Structure formats: C-alpha cells, structure tokens
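A.B. asks: Take a look at the following structure, please.
2 protein chains.
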Amino acid sequence: MKSSPLFTDLYELTMLYAYLENGKKEWASFELFVRELPKNRNYLVFSGLNDVVELIENLRFSKEDVDYLYSLNLFPNWFLDFLKEFEFTGKVYSMREGEVFFQNEPVLRVEAPIYEAQLLETAVMNQIHISSLIATKAARIFSVSRGRGLSDFSLRRTHGFDAGMKVARNSYLAGFNSTSNVLAGKVYGMPVVGTVAHSFIMSFESEEEAFRAFLKAFPEKAVLLIDTYDTVEGAKKAVKVSKEMGVKLRGVRLDSGNVVELSKEVRRILDGAGFTETKIIVSGGLDEYRIDEILKEGAPVDAFGVGTKFGTSADSPYIDFVYKLVEYDGKPVMKLSPGKRMYPGRKQVFRREGEDVVSLFDEKLKGEPLLEKVIENGKPVKKLPELKESREFFLRRFSELPDEIKDIHRKVEYPVHVSEKLKKLYKSLERELEEEEIEGAENNNN
Amino acid sequence: MKSSPLFTDLYELTMLYAYLENGKKEWASFELFVRELPKNRNYLVFSGLNDVVELIENLRFSKEDVDYLYSLNLFPNWFLDFLKEFEFTGKVYSMREGEVFFQNEPVLRVEAPIYEAQLLETAVMNQIHISSLIATKAARIFSVSRGRGLSDFSLRRTHGFDAGMKVARNSYLAGFNSTSNVLAGKVYGMPVVGTVAHSFIMSFESEEEAFRAFLKAFPEKAVLLIDTYDTVEGAKKAVKVSKEMGVKLRGVRLDSGNVVELSKEVRRILDGAGFTETKIIVSGGLDEYRIDEILKEGAPVDAFGVGTKFGTSADSPYIDFVYKLVEYDGKPVMKLSPGKRMYPGRKQVFRREGEDVVSLFDEKLKGEPLLEKVIENGKPVKKLPELKESREFFLRRFSELPDEIKDIHRKVEYPVHVSEKLKKLYKSLERELEEEEIEGAENNNN
Numbered sequence: 001m002k003s004s005p006l007f008t009d010l011y012e013l014t015m016l017y018a019y020l021e022n023g024k025k026e027w028a029s030f031e032l033f034v035r036e037l038p039k040n041r042n043y044l045v046f047s048g049l050n051d052v053v054e055l056i057e058n059l060r061f062s063k064e065d066v067d068y069l070y071s072l073n074l075f076p077n078w079f080l081d082f083l084k085e086f087e088f089t090g091k092v093y094s095m096r097e098g099e100v101f102f103q104n105e106p107v108l109r110v111e112a113p114i115y116e117a118q119l120l121e122t123a124v125m126n127q128i129h130i131s132s133l134i135a136t137k138a139a140r141i142f143s144v145s146r147g148r149g150l151s152d153f154s155l156r157r158t159h160g161f162d163a164g165m166k167v168a169r170n171s172y173l174a175g176f177n178s179t180s181n182v183l184a185g186k187v188y189g190m191p192v193v194g195t196v197a198h199s200f201i202m203s204f205e206s207e208e209e210a211f212r213a214f215l216k217a218f219p220e221k222a223v224l225l226i227d228t229y230d231t232v233e234g235a236k237k238a239v240k241v242s243k244e245m246g247v248k249l250r251g252v253r254l255d256s257g258n259v260v261e262l263s264k265e266v267r268r269i270l271d272g273a274g275f276t277e278t279k280i281i282v283s284g285g286l287d288e289y290r291i292d293e294i295l296k297e298g299a300p301v302d303a304f305g306v307g308t309k310f311g312t313s314a315d316s317p318y319i320d321f322v323y324k325l326v327e328y329d330g331k332p333v334m335k336l337s338p339g340k341r342m343y344p345g346r347k348q349v350f351r352r353e354g355e356d357v358v359s360l361f362d363e364k365l366k367g368e369p370l371l372e373k374v375i376e377n378g379k380p381v382k383k384l385p386e387l388k389e390s391r392e393f394f395l396r397r398f399s400e401l402p403d404e405i406k407d408i409h410r411k412v413e414y415p416v417h418v419s420e421k422l423k424k425l426y427k428s429l430e431r432e433l434e435e436e437e438i439e440g441a442e443n444n445n446n
Numbered sequence: 447m448k449s450s451p452l453f454t455d456l457y458e459l460t461m462l463y464a465y466l467e468n469g470k471k472e473w474a475s476f477e478l479f480v481r482e483l484p485k486n487r488n489y490l491v492f493s494g495l496n497d498v499v500e501l502i503e504n505l506r507f508s509k510e511d512v513d514y515l516y517s518l519n520l521f522p523n524w525f526l527d528f529l530k531e532f533e534f535t536g537k538v539y540s541m542r543e544g545e546v547f548f549q550n551e552p553v554l555r556v557e558a559p560i561y562e563a564q565l566l567e568t569a570v571m572n573q574i575h576i577s578s579l580i581a582t583k584a585a586r587i588f589s590v591s592r593g594r595g596l597s598d599f600s601l602r603r604t605h606g607f608d609a610g611m612k613v614a615r616n617s618y619l620a621g622f623n624s625t626s627n628v629l630a631g632k633v634y635g636m637p638v639v640g641t642v643a644h645s646f647i648m649s650f651e652s653e654e655e656a657f658r659a660f661l662k663a664f665p666e667k668a669v670l671l672i673d674t675y676d677t678v679e680g681a682k683k684a685v686k687v688s689k690e691m692g693v694k695l696r697g698v699r700l701d702s703g704n705v706v707e708l709s710k711e712v713r714r715i716l717d718g719a720g721f722t723e724t725k726i727i728v729s730g731g732l733d734e735y736r737i738d739e740i741l742k743e744g745a746p747v748d749a750f751g752v753g754t755k756f757g758t759s760a761d762s763p764y765i766d767f768v769y770k771l772v773e774y775d776g777k778p779v780m781k782l783s784p785g786k787r788m789y790p791g792r793k794q795v796f797r798r799e800g801e802d803v804v805s806l807f808d809e810k811l812k813g814e815p816l817l818e819k820v821i822e823n824g825k826p827v828k829k830l831p832e833l834k835e836s837r838e839f840f841l842r843r844f845s846e847l848p849d850e851i852k853d854i855h856r857k858v859e860y861p862v863h864v865s866e867k868l869k870k871l872y873k874s875l876e877r878e879l880e881e882e883e884i885e886g887a888e889n890n891n892n
C-alpha cells in the first residue's frame, strides 16, 4: 500500500515548521519502546519493520499534498517549497522482525535532523503497532496449539483493509500455517485455505445434496462444514456421500456447539468408517484461552480456524508504544514526569541466557546485541529478510523463551536489567533536572 | 484505497466455483445484521456504505489476480476465464450512513445470482465493521461531551492505514469536530488540528524557550503543551511568554496528571492574567467513561483530544456482524442452530416514535422505512450523501434517541418488534425445518 507523508498527526508538521523557523537542525535520536507490557502479555513480538522501511523510502510530498497544506493557511510559502524537496536523510536502527522483546527495550531508533526524525513519529508508530500487536497475539495462540494447525480466519472483522493484510502476514510470522485471506496469499506467498459456509449448505434442498455438490467441485480437496443442522448427523452424511462418490474426504469443519464432545463423536464416526485420515477442523469464537481448554479436554482436533478475537487482539487491542527523544545534539535527554520514567541516550539491548540487558549503544557487553542498522542516508543498508526467514527466526527465538513466560494466564516479568553505565547516566541526568526544577521554581517565586 | 477481489476469504471463491460447477445461478438475498449488541453497547451507528459501493463498482479480477488463482491448482481454466469477465450485476439495499440501529435489524442487503452475492461477503463485512465500530464508539463519546470540542488523536494506535483513515472519518460522522490526521483532512475535507509534543519542549534548553519558539512560529494559532515538567509552572510560563511577546494564546494542552484539579488551577492562572479566551485542551488515556468523570467533577475543559481507547474501540473492539442467506430462488430461508436464531426473508425496518419494527420487505407499516435501494444492475442508483450531510443526519437521529439508551454505564435494550407477517413466516419455516429434521433422523436410522 502506498503511503502519503500526510498520513501523520498535524503536530508533526507544525513542529517541523517551528524547528526550521527557529533554525533548529541538530541531529536527534528517537527510540520506540514500551514502558510497561499490557496486562495480559508477558512478552511482545516485534514486527512491521518492512512497512517502516518502505514508507521512509517513499516519503515524498506530492504537489497535491503541498496544495492541501497551503489551503490550511498555517504555513508560509518557503516552508511549503521546502516540503516539495523533502527527503529523509537519517539512519534507522532496529530489531529484526520476529524478535521477542520486553519492557523498556528500544525496538527501533531513528537518528536524523530533529525535524526529519519528528516527522516519522506517527506513521512509524502506526505501522509497528498493528504488526507487533498481531504477531504477539499470534504467538500466544501458537504457544498453546501443541502442534495443531492454525489458520487465520479473521478477515471479516479486522479493522479495515490494511489490518486484514497485516493480520494475515503476522499470523504466519508467529507460527500460524495459513490464512483464508486470498490477497495475503498472493502478496506474501503464504498458504491459503478455505472450506465452505453455512449459506452454501442452506442453498441446497438438503445437506446431502450440498455435500455432493461440493465434493463434485473439489473431489480431492473438500473440507465439509457439518454443523449447519446437526453435527453428528452431518458427520454421518459426510461419510455416506464420500463413500457413494468414492472420494477421499480431506476434512470436516465444526463451527458451533460443544466442540469437545462433538469432535470426539465425529472422530469415532470417521474412524469407524475407515476415514482415519480425514481431519477435524474447529472454528468459531476461538482464541488462546479457548484453544487451550479444548486441547486440555482431549478434543481430537487437527486444526483451528481462528478469527475475530485473534484479528482484533480482543483481550488487549492496543500496545502503549512510545516514540521518545533520547538524544539531542549529541546530548542524552529524558523526561521526569511521574509514571513516565524512561532511560536517556542511544541504547542497545543485549540478550543472554534467561535475561536481557539494556545498555548505552556503544557498550560492549556479553550476549547478542539486538539492534542493527537498517537505514543509512535515508536508504536501506541491506535487503530485509523474507517473511519465511522471519518466521524461522521467530520460531527459534520463541523456542528459547522460558516456559513460565509463555504462560497465557499468569503475569510473569522477564528480567530486563539496565547496565551500570546507563544507570549512572540516568542518575546524573535526574540530579540535573531536579536542580533545574528547583531553580525554575525559585525564579518563578521571585 | 483501491481494493482487489482477492481481498476475500478463499471459501468465497471455492463456493463461487462450486455453485457454477453445479449450475446454481438462482438469485439469492443476503442480509447483514447483528443478532445481539456487544455487552457495552445499547445502540450501534451504521457506517461504511461509501466504501462498499466503491468496492462493488471496482470489483474486477486483474490478470495478476487470475494468474495467482491459477497457481493454487484449485480451479479449472473455464472458471478462471469466467473470473476475467466477472462483474457484480445485482442490487444492494442499505440504511443511510449515520443511522442508529439495533439487534436483528438488517442494515444492508445484497440481492444477486447466489455466486455474486456470496463473493461480496468478506469485503462488505470488513468495511462496514470497522466504520460502524468506530462511529458507534464516537457516538458514545459525543453523548457525554456536553458540548465540549472533540478531536480524534488516535492515528498512532489505529490498526493500520485504512483504520486510521476510517477512524478519522467516522469520528466526524458521529459528532467529533476535528482530527489530527492530516491525510483525513485532505481526503474527507474535515477540520484538522495539532499542537506540539513533549519532545519539542525537551529539545530546547528550557520550557520558556520552547514556548517562545512555538509562539514565534504560530503567533495567532499556538496551543502550548504545558505538562512536560510541572503543569502549574508551565501555565505560568505560557502566560509570561505570551505577554512578553504580545500574542494572544489560543490554548494550552494538559496530557498527564490529575486533570480535574490541574485544569481548575490552570483556569485560575489564565483568568487571573486576563487570558479568559485561552482554551484548555485535555488529552491522554481518554474515553467516554473518563470524559464523563472529568466533566462530572466540574473540570473547566474546553476540548478533549481522544486517542487510543477510541481509535481501537478498546472496551469492545469488534461487533459480531453476520451476513446471512435469507432468500434463495424466491423462497425465504433460515438456519435453526441453537443461539443462531434469525428471521427469514427479505426484510425492512420501520422506525416509529420510541420503537422499531422489523417486517417483510413488501409490508407497508406505520413509520419510516430505513432500507433503501443504493445499487441496481451493479451500478449506484444515486449519489451518496457527503460526509457533512451524513454527520447532520447522525446528529438528528441521535437527538431523537431516548436518553436511557444513551446511558454509557447501564445496559438498556431498545424495543425492536417483529411484524405479525414475519412472525408467521418464521413459525411456518420452523415447523418445516423440524419436520425435515425428524424425517432426516428417521432416514438415517433405516
């Protein structure tokens, strides 16, 4: 999807202008991070970097964009002329897509003249947010799936076109096997799956007739929906019609009712008829909590179609990412507001066995550094990994995560330490700011 | 945004093929409705029709689309050739954008050869869902705003590009005054607003210097953010700098802290300095619940910037719209599954004072019919209302709604009745289906 630089909050543009009007062109660094994980999340999965790189590369104001800004009667002509030539000239450091991350860890840093770095804020946040939100939800579902197949069935309830595409992509990134979204199959090269809806069954005189018609169309590939009228009777009819037509029944889908009991009964019917390879697929109102229950109760389900609650991350529909100024003109900065604590300066994250350390960027510590340069002079420094590679990377990272962190019910905090040097910098800046505040208050009382 | 017919669930395409393969080309009617309103909603606001009309008009399979489908190895060549020529030839009936609606009321109906009507399902649901979800959330916020200004500040946390645009549009549709989303301003002609971020304040040596710089850039239009260090001190500095520079301060923004106490203190400081026209704008973690509290406690807030919880409809991030076959080949149909009750046949909704009646489409009842034809032979029958007209329509409809239904805390069910003719049809179909079921079970026992 092609973006526009006007896909931003107006204040990014008013600030851009105010910086230039005041001659402020020094370099600044902004870091994207999460202060505190959402209530129901012990970890987050980073994603959306591909979109950020694309939007930075294509960041140009068209004539229509500038004409629109002119019509707002907010900006002088010299500034509008400046925008016509605008390009991003800075650097971006980032974690890899599929990386698992935690509180206070910078996942991405933009370094550029302050007005350029500021302009990126809204679009970068928007794109990283939706992809990481969904990759995280997908990972939670993957973590309870015990090897069963997982398909993204959420397209009808995702928040619009762009979310529909990103939900499909990030489901695959974080362990799902396929999507029902055909365009995602085309664009991302991921597997697509589909069965049949209740309306199809209902449009025929009888369920048997509907099964016959669908098996005729897809003799080797049909998954029959068997719960339109009565699931157990539906299973018997599916067997009967498949036998009559001499076709191998690939699968049956259950979309309602007590799926634990029904799947056991359906399995007995299928096995009893020699249909041992016919898969049972379950859909309808699923998320990690429900899938975990279903599998704990021993339901013989081969795959799940996961929809609405997954595609909207319904139990936690947003992540409080922030994009904060951490360095300006070579000097580390931070904010003191209560509840808005942050660490100053350009940072790195080192991953070791069972713990992470957040440090200053130029420290060399034990462990694997997670942030790497992806853009320099406004251009990508290398090709980003393909979706399949990122999926493999996620699977590896996720397998290294301790089991208690993957608990979907219990809040467990992963140990994220702060290096000695970063702690020292924080303390010294804190003192400085407190002294300034006292001075400020004294000056005001004068 | 240009859509693709592949933005759909694969099963819509497998059904399309199975219908054609079995010679089924009869006309069918599908209705879009909600069986039960979400837990926290007493009403819903219909929106997204403009997108549906656009996507239907542009529904064409490109050569690349067909090539991709060929690569799936699912469909024969005659079907792929058929898709190249595919166009929607049917009718669409719909409520108007901005209409308030309730449980079991069809908001939109597609009538076409069954394979065409089926193909639209996913994209129609996706687009109506996000727009109606957000229009509804906006209406709830509007309902507690007591005439205060409302701005959409949610762009950084909406679910992607498309949601970002639709959130802005539907905020305006349902009573908001403006958005921070510049592209929405350009595309929809709605007012845009913006102030300044904490990072701007922090990039200067002192808060006063930052205020001076921003007032220099926007002497008549500046809204200063005063909570970066200390809100009360910030208010004093904003007054001091404005006086020094001889400019009128348009507004101040508070984004943290106890905004009830702080806004009162800030109002005293502003009024004491003669800045009685300077507005107080509050943002940060707002939704209808919090805004209602803030105003109940008498906070002198002039406008609210509403972000994440609004733009993701966080307390209810999805609506269970369904798209159900109600008529096939001239005969009304319905499904019997427990908990999935629905009314058969093509329907109309009549609105009367304090109640709605759902009837068969050709009934003539007292009240105003809410569904009207918008597409015939695949083409729009008239121009849809502009956003501003739809906003006025919403405001009128919303003002007619009883106060108890607008209660944001208490669940109250609006009376939606079913006409006698529709009840009779339901009963007779129910009997028919039950008899078939008994017969089916008997046949299976043979």
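The listed protein sequences correspond, in order, to chains A and B. Its first residue numbered 1, the first sequence is counted upward by one per residue in this note's numbering. Its first residue numbered 447, the second sequence is counted upward by one per residue in this note's numbering. Ideal Cβ positions, reconstructed from N, Cα and C, are used throughout, including at glycine. On a predicted model such as this, the values are computed, not experimentally measured, just so you know.
(1) Flag this pair as yes or no: are the beta carbons of glutamate 105/A and valine 34/A separated by less than 9 Å?
(2) Nearest chain A C-beta to leucine 526/B closer than 9 Å, yes or no?
(3) Compute the Euclidean distance between the alpha carbons of tyrosine 328/A and lysine 632/B, then round it to the nearest angstrom.
(4) Helix, strand or coil: how does DSSP classify histidine 159/A here?
(5) Quick check on valine 333/A - is its C-beta less than 9 Å from some C-beta in chain B?
(6) Under DSSP, the alpha helix (DSSP H) around leucine 483/B begins and ends at which residues?
(7) Going by the CB atoms, is the gap between lysine 373/A and valine 92/A shorter than 9 Å?
(8) Work out the CA separation of phenylalanine 532/B and arginine 506/B for me, nearest whole Å.
(9) Could you tell me the alpha carbon to alpha carbon distance between arginine 156/A and methionine 571/B, rounded to whole angstroms?
(10) For valine 779/B, tell me which candidate among Gln103/A, Leu80/A, Ser199/A and Ser29/A has the shortest Cα-Cα distance.
(11) Since glutamate 809/B and serine 865/B should fall inside the 8 Å C-beta cutoff, what is the C-beta to C-beta distance between them, to a whole number of angstroms?
(12) Within the present structure, is the beta-carbon of asparagine 58/A separated from the nearest heavy atom of the ligand SAH by less than 8 Å?
(13) Quick check: the stretch 232-240 of chain A against the stretch 592-601 of chain B, are there 3 or more CB pairs under 8 Å?
(14) So serine 263/A and isoleucine 291/A are supposed to be a Cβ contact under 8 Å. How far apart are they, rounded?
(15) Which whole-angstrom value describes the C-beta separation of phenylalanine 204/A and alanine 213/A, a residue pair presumed to lie in contact below a C-beta threshold of 8 Å?
(16) Name the one or two DSSP bridge partners that arginine 555/B has.
(17) At a Cβ threshold of 9 Å, is glycine 536/B touching chain A?
(18) So, does the CB of phenylalanine 200/A fall closer than 9 Å to a CB anywhere in chain B?
(19) So, under 8 Å CB-CB, leucine 771/B and lysine 867/B are touching, yes? Tell me the CB distance rounded to an integer number of Å.
(20) Look at serine 624/B and valine 639/B and say whether their C-beta atoms are less than 9 Å apart.
(21) Counting only Cβ pairs nearer than 7 Å, list the residues of chain A close to proline 980/B.
(22) Would you give the residue range spanned by the alpha helix (DSSP H) that arginine 506/B belongs to?
(23) Leaving out five residues before and five after alanine 314/A in sequence, what residues of the same chain have Cβ atoms less than 8 Å from its Cβ?
(24) Could you tell me whether any Cβ in chain A is nearer than 9 Å to the Cβ of methionine 447/B?
(25) So, under 8 Å CB-CB, alanine 210/A and alanine 174/A are touching, yes? Tell me the CB distance rounded to an integer number of Å.
(26) Keeping to the same chain, check which residues put their C-beta closer than 7 Å to that of phenylalanine 521/B; ignore five residues upstream and five downstream.
(27) List, in order along the chain, the chain B residues whose C-beta lies closer than 9 Å to that of glutamate 432/A?
(28) Spell out the partners DSSP gives aspartate 356/A in its beta bridges.
(29) For asparagine 891/B and proline 300/A, I'd like the C-alpha separation in whole angstroms.
(30) Are any of the Cβ atoms in chain A nearer than 9 Å to that of aspartate 455/B?
(31) Using a Cβ-Cβ cutoff of 8 Å, what residues of the stretch 180-193 of chain A are near chain B? List them in chain order.
(32) Spell out the partners DSSP gives alanine 303/A in its beta bridges.
(33) Apart from the five residues on each side of it in sequence, which residues of its chain come closer than 8 Å, Cβ to Cβ, to alanine 28/A?
(34) Using the beta-carbon of each residue, which ones in chain B are nearer than 8 Å to alanine 273/A?
(35) Is any beta-carbon of chain A found at less than 9 Å from that of alanine 474/B?
(36) Here's the rule: buried if 16 or more other CB atoms are within 10 angstroms of the residue's CB, otherwise exposed. What is glutamate 859/B?
C.D. replies: With the structure as the only source:
(1) Closer than 9 Å, so yes.
(2) It does not; no Cβ of chain A falls within 9 Å.
(3) Distance from the CA atom of tyrosine 328/A to the CA atom of lysine 632/B, rounded to whole angstroms, is 32 Å.
(4) Three-state DSSP puts histidine 159/A in coil, outside helix and strand.
(5) It does; some Cβ of chain B falls within 9 Å.
(6) Boundaries cannot be given for leucine 483/B, as no alpha helix (DSSP H) includes it and DSSP labels it neither H nor E.
(7) Taking the C-beta atoms as reference points, lysine 373/A is found nearer than 9 Å to valine 92/A.
(8) Between the alpha carbons of arginine 506/B and phenylalanine 532/B lies a distance of about 6 Å.
(9) In this model, arginine 156/A and methionine 571/B are separated by some 5 Å (Cα to Cα).
(10) Among Gln103/A, Leu80/A, Ser199/A and Ser29/A, the Cα nearest to that of valine 779/B is on Ser199/A.
(11) Approximately 6 Å separates the beta-carbon atoms of glutamate 809/B and serine 865/B; this is inside 8 Å, confirming the contact.
(12) The ligand SAH is not part of this structure, which contains no ligands at all.
(13) Counting Cβ pairs under 8 Å, fewer than three are found: no touch.
(14) Incorrect: roughly 12 Å between the Cβ atoms, too far for contact.
(15) Rounded, the Cβ-Cβ distance is 6 Å, consistent with contact.
(16) BP columns for arginine 555/B point to Glu477/B and Tyr539/B.
(17) Cβ-Cβ to chain A under 9 Å: no for glycine 536/B.
(18) So yes, phenylalanine 200/A belongs to the interface.
(19) With a Cβ gap of about 20 Å, leucine 771/B and lysine 867/B do not count as contacting.
(20) Taking 9 Å as the cut-off, the beta carbon of serine 624/B is found closer than this to the beta carbon of valine 639/B.
(21) Within the shown structure, residues of chain B are numbered from 447 to 892, placing residue 980/B beyond reach of any answer.
(22) From DSSP, arginine 506/B is part of no alpha helix (DSSP H); its letter is neither H nor E.
(23) Counting only Cβ-Cβ distances below 8 Å, and skipping sequence neighbours, we find Asp287 and Thr308.
(24) Its pLDDT being 45, under 50, methionine 447/B is placed unreliably by the model, and nothing is read from it.
(25) Not a contact, Cβ separation roughly 35 Å.
(26) Hits under 7 Å: Tyr463 and Leu515.
(27) Using a Cβ-Cβ cut-off of 9 Å, glutamate 432/A is close to nothing in chain B; its nearest Cβ partner there is about 12 Å away.
(28) Aspartate 356/A is bridged to Arg351/A and Val416/A.
(29) Low per-residue confidence applies at asparagine 891/B: pLDDT is 46, beneath 50, and the placement is therefore not dependable, though the value from the model is reported in the following sentence. The alpha-carbon of asparagine 891/B is positioned some 26 Å away from that of proline 300/A.
(30) It does; some Cβ of chain A falls within 9 Å.
(31) Residues Ser180, Asn181, Val182, Leu183, Gly185, Lys186, Val192 and Val193.
(32) For alanine 303/A, which the question treats as bridged, DSSP gives the partners Gly149/A and Ile281/A.
(33) The answer, listed in chain order, is Glu111, Ala112, Pro113, Ile114, Ala117, Gln118, Leu325, Glu327, Tyr328 and Asp329.
(34) Listed along chain B is no residue with a C-beta nearer than 8 Å to that of alanine 273/A; the closest approach is about 14 Å.
(35) Contact with chain A is found for alanine 474/B, since one of that chain's Cβ atoms lies less than 9 Å from the residue's Cβ.
(36) It counts as exposed.
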